[in-house]
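Just so we're aligned, residue 737 is where the sequence shown starts under the working numbering, counting upward by one.
Written below as structure tokens is the structure these notes are about.
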Amino acid sequence: MNERTTMFTAGTAGLVFFAASLFDTAADPPEGAAPASLRRWYETHLDEIGLSVTAGAVSLAALLVLVTALVVLLREQRLYAVLAAGAGLLTAVWIWMTAAVAMIPIGMADDRRLDGVSDTAVLTIDQFSRLGETVGDLGAVPRGLFLLAVSLAGLRTRVLPRWLAWFGLLIAAASLICVAGPAWWITSFGVAAMIGLFGYLLWTGLAGATLIVRASRMRTPVAVS
737 MNERTTMFTA GTAGLVFFAA SLFDTAADPP EGAAPASLRR WYETHLDEIG LSVTAGAVSL
797 AALLVLVTAL VVLLREQRLY AVLAAGAGLL TAVWIWMTAA VAMIPIGMAD DRRLDGVSDT
857 AVLTIDQFSR LGETVGDLGA VPRGLFLLAV SLAGLRTRVL PRWLAWFGLL IAAASLICVA
917 GPAWWITSFG VAAMIGLFGY LLWTGLAGAT LIVRASRMRT PVAVS
């Protein structure tokens, strides 16, 4: 595969990841609700949860392609490429775990009803769904490390424009800082968490568009060994 094709593949994967993330909008169940209320909530939100799970599956596939292509493009910076690969795979695991947790009520529903599910099971489903909040916070670590590695390698190569690399470093810093404290309880950490999460999604979209434009301007394919 030549460099132009690899760059185009990475760009396409970045845009697909960004677009799929826009459909991952499932809300959380009401906190502290009784089992009966939780049953009704899950039953009325099964379609929304299903869409979120589908978006997660597409995001997972796109991320794996994006990580693989970027590692190939940044192979000259071996240390950063290895870090990007590891952090990218951990991010993929986080996406898989989030989707798996969201699938639980869908798998337990019988004809879109949860009447046959015990109160204990319903409360357990709710607890597992809130585990995603913790996983989400911890998920900032591999996201931050991935952007850190790719951005530092981007500054040393011409694969990414410098402005995108610096933007990636800013988002990486926000992602890693928010894990230093209770992200949603302290305002400063909460702001960092929001910047890290939404900035990460924005970065993938910008990186995807940038790489596709750069690939389209390349005239002579360079073989990737």
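For every residue, glycine included, the Cβ atom is placed at its ideal position computed from N, Cα and C.
The secondary-structure analysis by DSSP pairs Asp846 across a beta bridge with Arg849. Excluding its 5 nearest sequence neighbours in each direction, Ala791 has C-beta neighbours in its own chain below 6 Å: Ala756, Phe759 and Asp760, listed in chain order. Cβ atoms of Leu810 and Thr893 come within 8 Å of each other, at about 6 Å. By the Cβ criterion, the segment 740-752 is in contact with the segment 938-958, since at least three pairs of Cβ atoms, one from each stretch, lie closer than 8 Å.
Phe753 is positioned such that its CB atom lies closer than 9 Å to that of Leu802.
Ala763 and Ile785 have their C-alpha atoms roughly 8 Å apart.
When the five nearest sequence neighbours on each side are left out, the beta carbons in the same chain lying within less than 7 Å of the beta carbon of Ala885 are those of Tyr816, Leu819, Ala820 and Ala823, in order along the chain. In this structure, the straight-line span from the alpha carbon of Gly944 to that of Pro897 is close to 12 Å. Take the alpha-carbon of Val837 and the one of Asp783: they are about 15 Å apart.
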